[in-house]
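> Using the numbering used here, the first residue of the sequence shown is number 18, and each one after it goes up by one. Positions of the beta carbon are idealized from the N, C-alpha and C atoms, including for glycine. Every value quoted in this text rests on a predicted model; they were computed, and no experiment measured them. My questions will all concern the structure given below.
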Amino acid sequence: MAFLLKGAHVVDPANGLDGIMDVKVDGERIVEVGENLSADACEVIELSGKYLVPGLVDMHVHLREPGYEHKGTIESETRAAAKGGMTGVCSMPNTDPVTDNGTVVEYVKSVAAREGHCRVFPAGACSKGLKGEILSEMGDMVAHGAVAFTDDGRGVQGAGMMRRCMDYGKMFNKTFMSHAQDEDLVGEGQVNEGVCSTRLGLLGWPAEGEEIQIARDIALARLTGAKLHIQHISTARGVELVRAAKAEGLPVTCEATPHHMFLTEDAITGTYDTRLKVNPPLRTAADAEAVIAGVVDGTVDAIVTDHAPHAAWEKSREFELAPFGMTGIEASLALVLTNLVAKGTIDYGRMVELMSINPRRILGLEPVGVVAGSLADLTVFNPACSWTVGEDGYESKADNCGFDGCAVTGRATDVFVGGKQTLRDGVVL
Ligand code: DOR
Ligand code: ZN
C-alpha cells in the first residue's frame with residue numbers, strides 16, 4: 018500500500034527537519050520527502066495542522082503476557098500503545114514465566130506478530146526468575162531477539178551479582194536497565210518517606226533506597242564497561258548522580274516517567290487513591306522539578322511510561338495491599354505536549370529525541386527518520402486537540418491511570434508501523 022501523507026509539519030531533529038512537507042510511503046519504507054509530491058497511485062491522507070514525527074517508542078512497558086492476562090495482554094496493551102501514538106514498546110520481563118530464556122522471548126514476539134498493534138521489543142531478565150541469584154540465559158534470549166536486560170519490578174540486590182550480569186552480558190553489547198531499589202532499605206515502603214508517609218501513616222520508601230543502587234550501578238558500569246540505563250529515575254540526587262556519570266564519560270543513560278515529572282507525593286490524599294501507588298513512589302515537588310531539569314539539560318535521555326496495568330479488584334484493595342503501578346501509555350504524548358512543550362520547557366525536536374530517537378538508540382534498534390529509505394514508523398498528532406484523560410475509557414485492559422480526569426491538549430491521530438497504518442483518525446485499526 019502506498020500513502021501520500023500531505024502537508025504535516027515534520028519534526029525530525031536527527032535529520033534537521035522542521036517544516037511543512039509531504040511524505041510518501043511505499044511498502045514498509047519512506048520513498049520520498051519533499052514539497053508538493055505527486056499523488057500517483059497513492060492513498061492521500063491530508064494532514065495539514067498536524068505534526069508528523071519519527072515513530073514514538075516507549076521503552077518501559079508491562080504487557081503482562083504471559084501469565085498475568087487478567088491485567089493486560091499483548092493485544093490489549095499494544096492497542097493502548099497505538100492509541101497513544103506509539104510505534105513500538107520495550108516489554109518488561111516480569112511475566113509468568115519470567116522472560117529469562119529464549120523460549121519466552123520467542124513467545125512474546127510471536128504473539129506480538131500475530132495480535133500486536135505496534136512493534137514489541139522484549140527485554141530479558143538479568144537473573145533467573147528475577148531472583149538475583151543465577152544469571153538468566155542471556156545469549157539464548159539475544160539469539161531470539163531480546164534487546165536489553167533488566168530485572169524490572171525489582172532491583173538486582175547483590176552488587177556482586179549485578180557485576181556478574183554486566184561482566185558476562187556485555188559481550189552481547191546490550192544495555193543493562195536498572196530498576197534501582199535496595200530492598201533491605203525500602204522494606205515494605207508504600208509512599209515516599211517524609212511528609213507523605215507521615216501524613217498518611219504509611220511506611221516510607223526513602224529516596225536513598227533508589228539512590229544507593231543508582232550510585233552502585235554507575236560504579237559497576239565504570240568497573241565493567243557495560244552500558245547502564247537507569248529506569249524511572251525519580252529523585253533529585255539520582256539525576257545528579259547520572260549527570261556526574263555522563264560528565265565523566267561513562268556509558269550511562271536514564272529515563273523518566275510523566276508521573277514522576279507531573280505528579281508529586283502531595284497528590285496522594287486521605288482518599289488513598291491506589292492509582293497513585295507506584296514504584297518508585299511519587300516524590301517531592303523538588304524531585305519532580307529536578308527530573309524535569311534533567312529532561313531539559315540532556316541528563317534524562319528518554320521519556321517512558323512504566324505502563325503497569327492491574328485489574329480493578331487488585332487496585333481496589335487497601336493501599337498497602339494494592340500492587341504498585343499505573344497505566345499511562347494512552348496519555349504520555351498528551352502529557353508531554355501539555356506540560357513541557359506547550360509551556361516552552363522543551364521544543365518539539367527535544368520531545369522527538371526523548372520519545373523516539375533516544376529510546377531506539379539505547380535499545381540498539383534501527384534508527385528511524387523522516388527521510389527516504391527509512392522504515393515508515395511514523396506518529397502523527399494534532400497539537401490543538403483538547404481532551405480529558407479517560408473520558409472515553411481506555412484501550413488498555415486496565416483503567417488504573419493516575420492522570421484520569423486531567424485536561425490535556427494534543428493527541429495522536431495517525432500511526433504507521435512499517436508502512437502499515439495502525440491508528441487512523443484516533444481509531445486503532
Ligand atoms: O510501579 C511499578 N509497577 N513499578 C515497577 O517497577 C513494576 C511495575 C509493575 O510491574 O506493576
Ligand atoms: Zn521498575
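#1: Of all the options A253, T215, L147, R216, which has the alpha carbon lying nearest to the alpha carbon of E227?
#2: Check whether the segment 77-93 and the segment 37-52 are in contact - that is, three or more C-beta pairs closer than 8 Å.
#3: In whole angstroms, what separates the C-alpha of R334 from that of T439?
#4: For A460, which beta-bridge partners are listed by DSSP?
#5: Taking a cut-off of 6 Å, which residues have a beta-carbon closer than that to any heavy atom of the ligand DOR, in chain order?
#6: Could you give the DSSP three-state label for Y124: helix, strand or coil?
#7: Taking three-plus beta-carbon pairs below 8 Å as touching, is the segment 375-388 in contact with the segment 53-68?
#8: Would a C-beta distance cut-off of 8 Å place M179 and L258 closer than the cut-off?
#9: Excluding five sequence neighbours on each side, which residues of the same chain lie with their C-beta closer than 8 Å to the C-beta of L280?
#10: Note down, one range per segment and in chain order, each beta strand (DSSP E) of at least 3 residues found wholly within the segment 211-292.
#11: Please state whether DSSP places I320 in a helix, a strand or coil.
#12: Indicate, with yes or no, if the ligand NAD has a heavy atom lying under 7 Å from the CB of Q174.
#13: Could you check whether the Cβ of Q230 sits closer than 7 Å to any heavy atom belonging to the ligand ZN?
#14: Would you call the segment 209-216 and the segment 166-186 in contact, with 3 or more CB pairs under 8 Å?
#15: How close, in whole Å, do the beta carbons of V78 and M109 come, if the pair is a contact with beta carbons under 8 Å?
#16: Of the residues E272, L395, T396, L152, which one's Cα is nearest the Cα of V173?
#17: Would V432 and T396 qualify as a contact pair, given that the criterion is a beta-carbon distance under 8 Å?
#18: Give me the residue from V115, T95, M194, A56 with the minimum Cα distance to E412.
#19: How many whole angstroms separate the CB atoms of G366 and P71, which I take to be in contact at a CB cut-off of 8 Å?
#20: Could you check which residue in L34, A58, I37 has the C-alpha nearest to that of M18?
#21: What distance in whole Å lies between the Cβ atoms of G162 and V122, which are believed to be in contact at a cut-off of 8 Å?
#22: Mapping DSSP to helix, strand and coil, what is A429?
#23: Using 8 Å as the threshold, is the C-beta distance between R428 and G443 below it?
#24: Whole angstroms are fine: how far does the CA of K67 sit from the CA of Q198?
#25: Figure out for me which residue from V164, I47, I235 has the closest Cα to the Cα of P376.
#26: Using CA atoms only, rank isn't needed, just tell me which of G287, G342, I285, S55 is closest to T322.
#27: Does at least one heavy atom of the ligand ZN sit under 7 Å from the Cβ of H249?
#28: Taking its Cβ as the centre, do 16 or more other Cβ atoms sit within 10 Å of P223, making it buried, or is it exposed?
#29: To the nearest angstrom, how far is it from the Cα of A521 to the Cα of E272?
#30: In the structure shown, what three-state DSSP assignment does G36 receive?
#31: Taking the alpha carbon of E337 as the point to measure from, which residue in A319, Y289, A348 has its own alpha carbon closest?
#32: Please name the residue in M103, G101, G105, L80 whose C-alpha comes closest to that of S93.
#33: Starting from the C-beta of K263, find all residues in its chain whose C-beta is less than 7 Å away, skip the five residues before and the five after it, and write them out in chain order.
#34: Taking DSSP's pairing of strands, which residues face E3 in a bridge?
#35: Specify, as a first and last residue, the run of the beta strand (DSSP E) that L395 falls within.
This is what the structure gives:
#1: A253
#2: no
#3: One C-alpha to the other measures close to 36 Å.
#4: Because the chain in this structure spans residues 18 to 446, residue 460 falls outside the shown range and cannot be described.
#5: H79, N111, D169, G170, H196, V295, N296, D323, A325, P340, F341, G342
#6: helix
#7: no
#8: no
#9: Around L280: L293, L299, A305, G419, F420.
#10: 244-247, 269-273
#11: strand
#12: What this structure holds is the ligand DOR and the ligand ZN, not the ligand NAD.
#13: no
#14: No: the two stretches stay apart, fewer than three of their Cβ pairs being nearer than 8 Å.
#15: Their Cβ separation, rounded to whole angstroms, is 7 Å, which keeps V78 and M109 in contact under 8 Å.
#16: It is L152.
#17: V432 is a Cβ neighbour of T396, given a cutoff of 8 Å.
#18: T95
#19: G366 to P71, Cβ: 11 Å. No contact.
#20: When each option's Cα is compared against that of M18, the closest is A58.
#21: With 8 Å as the limit, V122 and G162 qualify as a contact, their Cβ atoms being about 6 Å apart.
#22: strand
#23: yes
#24: 41 Å
#25: V164
#26: G342
#27: yes
#28: It counts as buried.
#29: This structure does not reach residue 521, given that the chain is present from 18 up to 446, and the question cannot be answered.
#30: Three-state result, G36: strand.
#31: The shortest Cα separation from E337 among A319, Y289, A348 belongs to Y289.
#32: Minimum Cα distance to S93 is reached at L80.
#33: V269, T316
#34: The structure shown has nothing for residue 3, since the chain only spans 18 to 446.
#35: 395-405
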